[in-house]
Amino acid sequence: MGLNVYAPASIGNLSVGFDILGAALSPIDGSLLGDSVSIESSTTGDFSLQCVGRFVDKLPADPKQNIIYDCYLAFRKAMADMGRTDEVAVSMVLEKHLPIGSGLGSSASSIVAAFYALNEHYGKPFSEAQLLAMMGELEGQISGSIHYDNVAPCYLGGIQLMLERDGRISESLPVIEDWYFVSAYPGISISTAEARSILPNHYSRADIIDHGRYLGTFIHALYRGDGQLAAESIRDVVAEPYRKQLIPGFDAMREQMMADGALAVGISGSGPSVFVITDSKEKAEQMHQWMQANFIQNDRGFSHVCQIDTLGTRVLEETA
Ligand SMILES: Nc1ncnc2c1ncn2[C@@H]1O[C@H](COP(=O)(O)OP(=O)(O)OP(=O)(O)O)[C@@H](O)[C@H]1O
Ligand SMILES: N[C@@H](CCO)C(=O)O
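In UniProt numbering, the protein residues as written are 1 to 320.
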């Protein structure tokens, strides 16, 4: 029996909770924005990985350099640690729909889809919390430090706040139902590790106070269902001032979106994708058109009108 698992794109940080907030995205036109992984028992007795999809060309040529293989090794080791050593190897297919270094949680999407598929295939040996811990570790291998703000929303859906306590890595926050997100990827790539390395090691007292106030107000406003206040609190003093120089046309885009009635504008994860929040579907469609005409740099770029994906990672198909 085989399975096909889909893991949605995500916005790390949400511009107000660096490394500790993230949201999963779902295009409102019903299309899928995320990687998927198919899995079945190997007929040769060896692990195999085949990669297909629009953004496959920038993946490492050797499947054993793909993060999916590291997920498989980590999963098998964890199973061996619980005494399961005689399991049959698997054949996996990765459909790579998220561009690498996009700010859409591309590696997270592959990692989460892979672990979820492995867990389903081997009869769910691990709990949600155990899987999330493994996902975070693998994401940390790629970007240089463990952060869950892509893997947690990608896996669990919704808006996630990282608690990072034993067994409670992440918890869901309330979602503002009438928020529309325009998510635009300009078509260039930014390495997460590099985008982290340009951030300051120290912040001023004023920045720390502002950051605490914006984040506290944001979470308070979500619990009150006050979308206006929540969106107004989306202000980034930690990353945007330093990272926006890596994104061509960022300031002009922000100015245009605010003039067009955006409630908030920010960098998606470590960029170069950006997100815009509005409470009007019509405005979101207009902003999406503007992004396509003005922000996207080449034919690899794209834009989508999305809402929060509350389902998270799921099985799309089971085959006999
Ligand atoms: N399945 C995979 N998906 C994405 N990246 C992979 C995968 N397998 C290996 N890699 C490697 O991992 C690195 C991912 O880099 P990085 O963390 O900057 O990108 P990302 O996770 O795609 O970024 P973002 O979260 O901004 O979308 C690249 O060097 C890429 O070649
Ligand atoms: N929180 C991470 C997300 C990376 O996608 C960062 O901004 O570096």
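Cβ coordinates follow ideal geometry from the N, Cα and C atoms, glycine included.
None of the values given here were measured: they were computed from a predicted structure.
Pick out whichever of the options has its Cα sitting closest to the Cα of residue i.
| i | options | result |
| --- | --- | --- |
| I39 | A193, L14, G123 | G123 |
| Y242 | S15, A184, T319 | S15 |
| E68 | Q141, R54, G103 | What sits at residue 68 in the sequence shown is Ile, not Glu. Closest by alpha carbon: Q141. |
| I100 | W290, P272, N294, V276 | P272 |
| G312 | V88, N150, F55 | N150 |
| A154 | D178, K244, P60, E128 | The sequence shown places Cys at residue 154, not Ala. Considering only alpha carbons, the answer is E128. |
| E95 | M79, K58, H121 | K58 |
| M162 | I20, A320, T310 | I20 |
| residue 345 | G216, D226, M258, S270 | Nothing can be reported for residue 345, as the shown portion of the chain is limited to 1 through 320. |
| R213 | S197, E232, G225 | E232 |
| G30 | V315, D309, T319, A320 | D309 |
My output table needs one value for residue i: the three-state DSSP class, helix, strand or coil.
| i | result |
| --- | --- |
| N66 | coil |
| I308 | strand |
| F218 | helix |
| E232 | helix |
| T116 | Note that residue 116 is Tyr in the sequence shown here, rather than Thr. Looking at Y116 - three-state DSSP - the assignment turns out to be helix. |
| L73 | helix |
| S268 | coil |
| D276 | First, the residue type needs correcting, since residue 276 is Val and not Asp in the sequence shown. Here V276 sits in strand by DSSP. |
| P27 | strand |
| S41 | strand |
| D35 | strand |
Who are residue i's beta bridge partners in DSSP?
| i | result |
| --- | --- |
| V52 | E95 |
| P60 | Answer is none; P60 lacks a bridge partner. |
| R168 | R165 |
| R314 | Y6 |
| F302 | Y185 |
| Q160 | G22, S172 |
| Y223 | The partner list for Y223 (beta bridge, DSSP) is empty, contrary to what the question assumes. |
| Y180 | T278 |
Could you give the C-beta distance for residue i and residue j, rounded to a whole number, given that I count them as a contact under 8 angstroms?
| i | j | result |
| --- | --- | --- |
| A9 | S109 | 6 angstroms |
| I169 | A152 | 7 angstroms |
| G158 | A264 | At roughly 18 angstroms, the Cβ-Cβ gap does not stay under 8 angstroms, so G158 and A264 are not in contact. |
Let me know if residue i comes out buried or exposed under the rule of 16 or more other beta-carbons within 10 Å of its beta-carbon.
| i | result |
| --- | --- |
| N298 | exposed |
| H288 | buried |
| Y116 | buried |
| E317 | exposed |
| L118 | buried |
| G266 | buried |
| L73 | exposed |
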